[in-house]
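Since the structure comes first, as structure tokens, the remarks are kept for the end.
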Amino acid sequence: MSRDCKKGDNPVTQTEAEAPARGDLVSVDNTGLRRIPDRIPWVVLLVIIVELGERFTYFGLSGPLQNYIKNPYGGEQPGALGRGQAVATALGNFFKFWAYASTVLGAIVADQFLGKFKAILIACGIYVVGLTILVTTATPSAINGGSAFGGLVAAMVIIGAGTGGIKANVTPFCAEQYQKAHAYVKTLKSGEQVIVDPELTVERMFLWFYWAVNIGALSPLITVNVETHVSFWLAYLIPLIVIVIVAALFLCSNKLFLKSRPQGSPIVDAARTVHIAIAERSFEKAKPSALRENGKIDQYPFANKSGYTDYSVEKVKTGITACKLFLLFPLYFVCWTQIWNNLISQAGQMALHGTPNDLLQNLNPIALIIFIPLLDFVVYPLLRRYKINFRPELKVTAGFFMAAVSMVYACVLQHYIYKSPPNSIHVWIQAPIYLLVGFSEAFVVITGLEIAYTKAPESLRSLVSALFWLTIGIAAAICIALAPVSQDPYLVWMYGSLAIVGCLGGILFYLGRLVDTENAPLPPVIINLVSRAIMPRDSIVILGAGIIGLNVALELSKRGYGRHVTVIAKDLPGDIHVDYTSPWAGANFSGISGNDPNALRWDKAGYLALMQLIDHGAEEAKYLAKTQSTEYWDDEPNPNKIRSVSEYLRDVQVICKTDLPEGVAFGLRFTTITLNAPAHCQHLMSLLSRPSYGSVKFIRREISSIEEAFISSHTKIVFNCIGNEARTLAGVQDAKCYPTRGQIVLVKAPAVKENMMRHGKDYETYIIPRPSSDSTVILGGYLQKGDSDSRIREHETRSILQRTGDLLPVLTNGETKVLKVAVGFRPSREAGARVERQDIQPGRTVVHNYGAGGTGYQAGMGMAQDAVNLAQDILVFLGEASKL
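Position 690 of the sequence shown, counted from 1, bears residue number 768 in the numbering used here, the numbering being contiguous throughout.
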């Protein structure tokens with residue numbers, strides 16, 4: 079990874095994002111504060127512009143298609159092919175089917191091979207090729223020469239592939255530009271304290287994303303008029319010019335975007351996970367913890383892979399749940415599709431008075447352009463102010479019913495068209511249909527995109543988004559089958575049948591969501607009352623009070639479950655004991671962790687979460703600090719690790735080879751996070767004991783078995799964060815666990831202001847300043863696997879002082895004073911940390927969370943998120959999650 083370079087070169091750089099106003103993290107459940115969305119990153123605007131341009135292109139070329147195919151060239155109405163309404167409707171639906179079905183291919187290419195950015199860029203190029211064919215075969219000479227039909231079909235296939243590549247990836251790519259995961263409290267200029275909620279921010283991003291979609295969908299206002307008054311080829315040339323411009327803009331903005339890399343074989347891995355779940359008849363039994371317990375782990379080679387964990391299975395399960403929700407969406411889109419074909423033909427049977435028959439379809443995007451800001455600035459804030467929870471299933475159900483009402487209106491209108499003299503009913507009487515469908519989209523489509531993004535595993539977001547768009551393709555295929563009745567004299571019955579379908583779909587969706595335990599079937603107020611009445615404090619037990627256990631308690635508190643938590647440990651923050659490792663830690667973010675997918679993911683989650691706490695001045699950040707860091711590796715580090723950290727570390731810079739010390743193969747500079755380990759642990763315990771954090775209870779107790787951790791008949795979940803004792807604790811006895819001995823020297827060194835580390839083959843040298851500690855610094859160290867000798871070794875102390883002095887000469891300036899030498903045992907584990915769920919008997923669940931080795935402070939928050947997610951189906955019945 080090292081290279082020769084000039085000083086000042088910055089091969090890998092990511093600057094610090096603008097920090098929001100300072101705030102404190104507290105439990106929403108206890109504050110009652112109003113929730114608001116965060117500011118959307120400005121770079122999202124660039125992605126939205128690209129989507130606006132793509133939608134301008136797609137709808138601009140789609141608008142004239144019905145007339146282009148249906149009407150003959152040179153007739154009273156614009157036309158070219160003269161194939162009739164049934165063929166025009168069938169081909170139009172084929173185009174929609176292929177455009178949205180190809181999203182699955184676009185997702186596979188992005189998730190597995192190219193990444194979202196490259197996939198979008200290549201799809202733009204495919205778009206340009208298809209539109210070029212359409213323009214050249216839509217000229218009068220091509221139409222008269224008989225090549226227009228073949229050109230149209232070829233263009234549809236190519237353009238559809240380009241559409242799929244963009245649609246599958248642009249939505250998750252847009253949302254990924256916002257990286258914050260935790261809510262925080264902010265004081266507005268008015269003096270009001272509010273909670274800035276990332277989930278509301280994502281909701282806002284999707285609202286405005288879809289608003290831009292509908293700005294682009296106004297393009298038929300231009301193209302159908304050009305079609306009517308000039309020619310089809312010019313109408314198609316306009317979208318071609320637009321897609322070229324947005325592709326160039328997207329390419330030029332390359333360095334501004336946050337990009338997630340393709341992750342090898344996530345789709346294949348998900349398919350293998352589903353295969354195991356089918357074979358075991360449930361995802362719970364497919365988890366490695368359950369397979370080990372039942373003696374089946376060796377039956378599935380894939381289950382022995384390091385990336386196959388309880389959490390990975392749970393994420394695939396969640397993604398499958400999201401996809402199951404999409405099964406009813408084609409019933410909505412069958413109604414929605416009518417505004418792009420049959421209703422255009424219906425308009426042709428009405429009194430136009432100079433209005434193009436395909437103009438009124440633009441009322442649909444106009445309705446959304448007005449309605450979306452109304453939702454964002456008026457309706458949703460008003461509902462939140464009065465604590466009215468307009469849940470996703472209610473939004474989707476409302477959208478289904480609106481679409482059904484629009485089809486009822488179309489049915490009645492078609493009846494009167496048949497009864498009245500030809501072309502006697504004014505075309506603008508159609509307007510309520512387009513308005514109703516537009517309003518319904520704001521509830522169905524935007525909510526569907528949110529579900530696709532928030533429920534999907536990170537590595538499969540493009541695929542799950544593609545499966546959502548695929549429902550439009552399925553609806554188009556259904557409409558192709560309906561082509562024989564999509565013409566006179568059957569249209570009254572067709573629209574009436576679609577109204578019934580839309581209504582039935584809404585009812586089924588609502589009823590289906592009621593049985594989804596992950597989305598609390600009862601109103602939150604009832605859940606809270608029940609939980610306070612019957613759920614005692616010891617419903618959740620955390621075993622262990624090191625940094626891992628404290629982070630789990632904090633995560634539970636932020637989600638509103640703090641009042642149910644009891645922490646049990648032999649050693650509590652403030653204690654000094656060789657087996658109580660957390661207080662001895664240097665406590666920083668570094669490259670010491672492993673290269674497996676779990677370690678990389680936990681590192682990223684931990685770094686972003688800790689940085690967010692510091693940015694917002696949160697209470698939990700009292701003993702945290704941003705510190706400049708330099709790290710060296712004697713051997714080249716794993717390229718996957720460097721690529722991963724380069725995506726999110728702030729101010730990251732690869733050190734030029736010419737600037738590396740002798741014997742060093744690779745170096746990195748970045749902004750790290752340092753922690754005052756003992757003070758931070760004591761502070762977390764103090765915070766968690768407060769009412770605002772749920773008054774978490776701490777008990778000093780030594781237990782002899784995991785069963786004993788279920789301290790009463792009310793205990794439902796035990797989070798096993800016991801560290802090194804996992805080797806011997808009855809009911810766990812994990813033979814993969816081992817201690818990794820470390821010896822450190824605590825010094826007072828006022829001149830040390832930066833973090834420095836050197837990763838050797840059989841040693842670790844590190845200099846870690848402790849924030850808020852009167853200039854104390856941790857010097858180390860050693861990584862001695864399996865060594866449980868607690869005695870201080872003088873020769874190791876001398877080695878540490880020598881190595882750290884060589885690494886940072888300022889330590890030898892005479893001011894450095896040795897305060898203490900200590901030994902601690904990192905709780906390590908072969909094959910990496912264990913974050914798994916184990917249902918030991920009905921009503922009793924253990925979530926194991928241990929084995930982080932020396933990475934507890936940097937990966938602990940990410941591990942805690944995974945651990946709590948594994949028990950979410952049980953936690954939902956303990957009380958309303960605060961999402962803070």
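Just so it is clear, CB atoms sit at the ideal spot from N, CA and C, and this is done for glycine as well.
Everything numeric in this text was worked out from a predicted model, so none of it was measured.
Top-ranked residue by Cα proximity to residue i, from the options
i	options	result
residue 319	385, 139, 468 and 271	139
residue 810	830, 821 and 784	784
residue 633	949, 294 and 143	949
residue 144	525, 536, 472 and 166	166
residue 163	350, 568, 474 and 709	568
residue 805	864, 821 and 754	864
residue 481	712, 577, 858 and 505	577
residue 549	537, 562 and 526	526
residue 519	442, 490 and 764	442
residue 647	620, 866 and 276	620
residue 313	212, 358, 408 and 467	212
residue 122	228, 214 and 287	287
residue 172	388, 768, 559 and 751	559
residue 339	570, 247 and 833	247
residue 468	149, 177, 846 and 278	278
residue 637	657, 426, 766 and 667	766
Environment of residue i [buried if 16+ CB atoms lie within 10 Å]
i	result
residue 594	Summary for residue 594: the model assigns pLDDT 43, below 50, so the residue's position carries little reliability, and this model does not support an answer.
residue 777	exposed
residue 120	exposed
residue 107	Residue placement at residue 107 is poorly supported in this model, since its pLDDT is 41, which falls under 50; the coordinates still yield a value, given next. With 16 or more other Cβ atoms within 10 Å, it is buried.
residue 499	exposed
residue 307	exposed
residue 466	exposed
residue 694	buried
residue 943	buried
Pairwise C-alpha distance: residue j and residue i
i	j	result
residue 604	residue 432	Below a pLDDT of 50, predicted positions are generally treated as unreliable, and residue 604, at 41, falls in that range; the measurement from the model is reported next regardless. About 58 Å.
residue 876	residue 893	17 Å
residue 81	residue 734	Since pLDDT at residue 81 reaches only 42, below the 50 mark, its modelled position is unreliable, and the value read off the structure follows with that caveat. Approximately 6 Å between the Cα atoms of the pair.
residue 918	residue 821	38 Å
residue 326	residue 291	19 Å
residue 712	residue 618	45 Å
residue 760	residue 547	49 Å
residue 536	residue 256	14 Å
residue 506	residue 516	16 Å
residue 635	residue 771	6 Å
residue 781	residue 895	40 Å
residue 891	residue 884	12 Å
residue 266	residue 305	52 Å
residue 533	residue 680	18 Å
residue 596	residue 951	Residue confidence is low: residue 596 scores 39 on pLDDT, short of 50, so the model does not pin down where it sits. No coordinate-derived value is stated.
residue 396	residue 696	31 Å
residue 105	residue 461	The pLDDT assigned to residue 105 is 38, lower than 50, so where the model puts this residue is not dependable; a value taken from the coordinates is nonetheless given after this. Between residue 105 and residue 461, the C-alpha separation is close to 20 Å.
residue 101	residue 270	Annotation note: pLDDT 38 at residue 101 (below 50); position unreliable, coordinate value reported separately. Cα to Cα, the separation comes out at about 12 Å.
residue 349	residue 394	9 Å
residue 744	residue 672	17 Å
residue 903	residue 376	32 Å
residue 670	residue 911	14 Å
residue 174	residue 407	15 Å
Start-to-end residues for the alpha helix (DSSP H) that takes in residue i
i	result
residue 843	Premise fails: residue 843 lies in the beta strand (DSSP E), 842 to 847, not in any alpha helix (DSSP H).
residue 286	276 to 294
residue 671	First-last for residue 671: undefined, no H or E at that position.
residue 690	675 to 693
residue 636	625 to 636
residue 197	194 to 215
residue 347	344 to 358
Residue range of the unbroken beta strand (DSSP E) whose run includes residue i
i	result
residue 24	No answer is possible for residue 24: the residues shown for the chain start at 79 and end at 962.
residue 230	From DSSP, residue 230 is part of no beta strand (DSSP E) but of the alpha helix (DSSP H) over 226 to 253.
residue 933	Taken as a continuous stretch (DSSP letters only), residue 933 belongs to no beta strand (DSSP E), as it is neither H nor E.
residue 659	That residue, residue 659, is in no beta strand (DSSP E); it is neither H nor E in DSSP.
residue 820	815 to 826
Rounded Cβ spacing between residue i and residue j (contact assumed at less than 8 Å)
i	j	result
residue 385	residue 684	Contact doesn't hold; Cβ gap of about 18 Å is too wide.
residue 543	residue 555	That pair is no contact at about 19 Å.
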